[in-house]
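Residue numbers (the numbering used here), protein chains in the order written: chain A, -3 to 294; chain B, 61 to 391; chain C, 2 to 337.
Where is the CB? At the ideal position from N, CA and C, for every residue including glycine.
Note that the coordinates shown come from a computational prediction; the quantities given were computed from them, not determined experimentally.
Beneath this line is the structure, given in structure tokens, with notes to follow.
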Amino acid sequence: MAQKHRGPLAEFWKRFRKNRLAVIGLAIIILYVVVAVGADIFYTYDFITGNQIPNAFSGVGSTGKIDDGGVKKAHLYLMGADNFGRDVAGRIIHGARVSLIIGFVTVAFAVIVGGGLGAVAGYYGGKLETVIMRGADILLAIPNILFALAIVAALGPSFRNLLLAIGITSLPVYVRLVRASVMTVKDQEFVEAARAQGATDFRIILVHILPNCMAPVIVQATLGVAQSILSATSLSFLGLGIQPPSPEWGNMLSEARPYLISAPHTLIFPGLAIMTVILAYNLMGDGLRDALDPKLKR
Amino acid sequence: MDNTQLSIRDLRVRYVTEDETVNAVNGISLDINEGQSLGLVGETGAGKTTTALSILKLLPKPTGRIESGTITFRGTDLASASEEVMRKIRGNEISMIFQDPMTSLNPIFTVGAQIAEVIGLHNKLSAEETLKRAGDMLELVGIPRARSNEFPHQFSGGMKQRVVIAIALACNPKLLLADEPTTALDVTIQAQVLAMIRDLKQRLNTSLLLISHDLGVVAQVCDTVAIMYAGEIVEYGALAEVYEKPLHPYTEGLFGSIPRLDLKRKRLNPIRGLMPNPADLPSGCAFHPRCPYAQDACAVTVPATTEAEGRKLRCLMYEGKIENRMRTSNG
Amino acid sequence: MIKYIIRRLFQLIPVLLGVTLIVFTLTYISPGDPARLMLPQDASDIQVAELKHSMGLDRTFVVQYVHFLFGYDGPGDSFDYKGLWALDLGRSYVSNRPVFGTILERFPNTVLLTMVALFLSIIISIPFGIISATRQYTKTDMAVTVAALIGISVPAFWLGMMLIWVFSVNLHWFPSLATPSNLWSIVLPSITLAAMNTAVQTRMTRSSMLEVVRMDYIRTARAKGLDEGTVIRVHALRNALIPVVTVIGLQVGQLLVGAVLTETVFSYPGIGTIMVDAIQRKDTPQILASVVFVALVFALVNLAVDILYAFIDPRIKAQYVGAAKKKGGLFRGSKA
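In structure tokens, the structure reads:
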């Protein structure tokens, strides 16, 4: 009796599911995305960036009177308030939105541009490949955070520059990755067959070769989101990223730093948020790697 | 006269994982005498490697286990022996060589060191003496002693396999287990390595258990042959006799499926069907779904091992339980 | 072997040039006019242009890049410098001290911190990685795996602050400010700095061991009659550690970079604090010099690791030494 044959997607999901940690990671990510997308439902942007000085440093779970456009109401500070009386939990939720955007945009940019360059390098070879790979080597020679730091320091701190900096520093990894994959796949017979049918290079690369290179890219992309978020928060912490009062977990930590002794909750919660999201992406990336790796058979 | 080195009786070995249980070896018995060479032949998945690994208790832990049976080596039952006893035997009294020479040697140690290691492990000798002996072994397998200090990647596949053989024979074992030693090599190199095994075996009077799926390879080296199918030995006797006149339908099928230079045949005659999944064996005789002579009883009754024409066989035809249609078709 | 080293050094030069070019380009395109910023607000355009000229900032891109590398000798002496190859890029806008002077002064402090962190990371990661691998699927393995996962997910600067909060503020075991003269004060920053590295190395050691233990030559070793302890120690470990050593080497570079973030949290006087202060004060020459310096050191460290790797793994060494003896060598596969 032959074993049931599952489609590759179902097979992949079965393997992924077995890894409990990875599933937890996925769950956390989904939670964050939902919360981030619906951030305004919970707390309005104005509210979390506006000053509510009388409530400064309110403790966790305390209630205070806030001034909502002239009307005074009671408000529950789930995670306490920061030095301006702003709701920490609210700022964290809005910060989640920022972090997730940064993560996705930078990685998408790096995958598309880096992957595209890598595909071209791997497929055509020759001088083109040498130029592209030398470029990638040079970019890789500068450590990521340092490079991003230099770019933002040079161009001035802003959201756009942050995205640009992190996007550029994430590029070279995908150039290398996709080039290696393309080189392995392009000599296989089905590519020759497609060429014999008259397919253009563009079509061959896009339709035939690239889908077979996706696995390592997906894994790297997931881990890359984690790295991007870490870089973004680090740079914001140094004052080079998102500027206050816009909430970003890194700049929240930098603003709260002088109050380590008097109001530790302003430091603990944002940090936990950063750690949890990055952990979640790492867990999922690991899980994806294990599930997509054909060599791993328990 | 009892010069039996190795005696296996009713060995059963299983691999147990969380998904399934694989019945790899299902009750085999065999004997190897001093100086004898037994060929264990069968397709991939028949249980040959598992048998060899069981002798040295090198089954993967924790999945592989010897369920029952005895493996008696010169008076000691290996199946129930302690790990300490086994370690004294491995490499020393029973050695094993494996299929892929490319990966069997540790890449960061010199070949000389790897041979010396097994010598030093089982003998109390000075460092000098050990190295000298290691050099001797290299010479024995046709590699200049001066190459002792080279690394495995500096040798070709055939030479690596010779180093592997040198390691295996360094302590002059009574029994050598060879698992597909030439399968990964070119045909010409294959011949050389086989000739060397044959020669050394004779010189050192080592018994040999040679595992192969290749009938030709076995014929070059062995005097006795046991055909394995789905974890059982279905035919077992003197090589010349079995090859001349196979009695088991599976053996007949094996011979029928190889190309022959001396007969004009338009087509090859493979055995129809596939080897069964060891986790899900057929009822009755394991071969019956593919057997051209199968009858009703074959799906129900498990054949016992009987003797016929000087060999051991597992087939209901030789138990007299069913009609022997093979003789009638061969005349 | 020397040939290999020389060849690798040669390969490094274009990369180093590329790095300097990139860093220089960044400053070149950076908005803002240093000349204007240095003069009082009511300065006329002519005055700004004059100052710009004497600073050498009105030349073309290529000319300025050449100055950057080899030195600038302008009218007057106040803005002259000898260039990157002499480690002289002029003076800080803020302190007026030579930028590289400050860097070289503080660099040893960063090295100290990095070395302590490296040491800590090695003595923790390797044993735990091995234990985790040899006890795969047990509770110990799970614990180590989770700890390592957390380690790679924790932002260093936050970890530093949390450690200060627990061990300094609450338990008073350690000071919250670190100085190189007080080794005890370096403990917390080292742990902070080492955390990510330790985690990465532990995972690497674990996965490398798991892979090696499945190799055929381990089976050969067991078949020789060796006991499991010897098999792991002598045969598995040495092979498993090869990729781990490379990773550790590469991590040295990452440690240097990580120091940038960690030092500020502890106000430790190393290059990190220099860089961060310079950023906050928009002291462009200082930022530039610091970034270039760290990038160059990083590249050199990686080169050193590459070369070291060749010593450890005989296969790599043979590839490069043997390549020189290509034709008719013994090395490239004698036939059986």
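What alpha helix (DSSP H) runs, 4 residues minimum, are completely inside the region 278 to 351 of chain B? 299 to 304, 309 to 316
Check whether the Cβ of residue 257 of chain C lies closer than 9 Å to any Cβ atom in chain A. yes
Residues of its chain near residue 214 of chain C, where Cβ-Cβ distance is below 6 Å and the 5 sequence neighbours each way are ignored: 237
If contacts are defined as beta-carbon pairs under 8 Å, then residue 281 of chain B and residue 302 of chain B qualify, I think. What distance do you get, rounded to the angstrom? Incorrect: roughly 15 Å between the Cβ atoms, too far for contact.
Separation of residue 151 of chain B from residue 121 of chain B, as counted between CA atoms: 20 Å
Report yes or no: is there a C-beta of chain C within less than 9 Å of the C-beta of residue 152 of chain B? yes
Do residue 191 of chain C and residue 176 of chain C have their beta-carbon atoms positioned less than 9 Å apart in this structure? no
Have a look at A/70, A/10, A/137, A/230 and flag the residue whose alpha-carbon is nearest the alpha-carbon of residue 169 of chain A. A/137
Limits of the alpha helix (DSSP H) - the one that residue 182 of chain C falls within: No alpha helix (DSSP H) holds residue 182 of chain C; DSSP gives it neither H nor E.
Taking the alpha-carbon positions, what's the residue 5 of chain A to residue 150 of chain C distance? 27 Å
Where residue 257 of chain A sits in the DSSP three-state scheme: coil
To the nearest whole angstrom, what separates the beta carbons of residue 272 of chain B and residue 295 of chain B, a pair I think is in contact under 8 Å? Residue 272 of chain B to residue 295 of chain B, Cβ: 15 Å. No contact.
For a contact defined as C-beta to C-beta under 7 Å, what are the partners of residue 297 of chain A on chain C? There is no way to answer for residue 297 of chain A, as the model of chain A reaches only from -3 to 294.
Cutoff 7 Å; reference residue 342 of chain B; Cβ partners in own chain excluding five residues on either side: 336, 348, 349
Between residue 113 of chain A and the rest of its own chain, which residues show a CB-CB distance below 6 Å, the 5 nearest in sequence each way excluded? 128, 171
Shortest alpha-carbon distance to residue 123 of chain B belongs to which of B/290, B/110, B/258? B/110
Taking CB distances under 9 Å as the criterion, tell me whether residue 226 of chain C reaches chain B. yes
Below-9 Å beta-carbon distance, residue 196 of chain C vs any chain B residue: no
Which class does residue 449 of chain B belong to by DSSP, given the choice of helix, strand or coil? A question about residue 449 of chain B goes unanswered here, because the residues of chain B that appear run from 61 up to 391.
Contiguous beta strand (DSSP E) assignments of at least 3 residues, all confined to the region 66 to 124 of chain B: 81 to 93, 97 to 101
Boundaries (first-last residue) of the alpha helix (DSSP H) holding residue 101 of chain A: 84 to 105
Separation of residue 240 of chain A from residue 42 of chain A, as counted between CA atoms: 13 Å
Closest to residue 166 of chain A by CA distance: which of A/3, A/223, A/14 is it? A/223
Can you pull out the residues from the region 239 to 254 of chain C whose beta carbon lies closer than 7 Å to at least one beta carbon of chain B? 239, 240
Whether or not the region 86 to 93 of chain C and the region 153 to 164 of chain C are in contact is what I'm after, with contact meaning three or more pairs of Cβ atoms, one per stretch, closer than 8 Å; do they touch? no
Bounding residues of the alpha helix (DSSP H) (the contiguous stretch that carries residue 296 of chain C): 285 to 313
Given 8 Å as the limit, is there contact between the region 93 to 106 of chain C and the region 280 to 298 of chain C, that is, 3 or more CB pairs closer than that? yes
Cutoff 9 Å: residue 240 of chain B Cβ touching any chain C Cβ: no
Start-to-end residues for the alpha helix (DSSP H) that takes in residue 371 of chain B: Counting along the chain, residue 371 of chain B falls outside any alpha helix (DSSP H), though it belongs to the beta strand (DSSP E) covering 371 to 373.
Can you find a C-beta in chain C that's less than 9 Å from the C-beta of residue 287 of chain A? no
Beta-carbon contacts of residue -1 of chain A that lie in its chain and below 6 Å, excluding the five residues immediately before and after: The pLDDT assigned to residue -1 of chain A is 47, lower than 50, so where the model puts this residue is not dependable, and the model offers no usable value.
Determine the chain A residues that contact residue 299 of chain C at a beta-carbon separation under 7 Å, and present them in chain order. 139
Look at the alpha carbon of residue 225 of chain C and the alpha carbon of residue 217 of chain C, and state the distance between them as a whole number of angstroms. 13 Å
Quick one: give me the first and last residue of the alpha helix (DSSP H) that residue 177 of chain B is part of. 171 to 182
Would a C-beta distance cut-off of 9 Å place residue 199 of chain C and residue 121 of chain C closer than the cut-off? yes
Sequence ranges, beta strand (DSSP E) only - wholly within the region 228 to 290 of chain C, length at least 3: none
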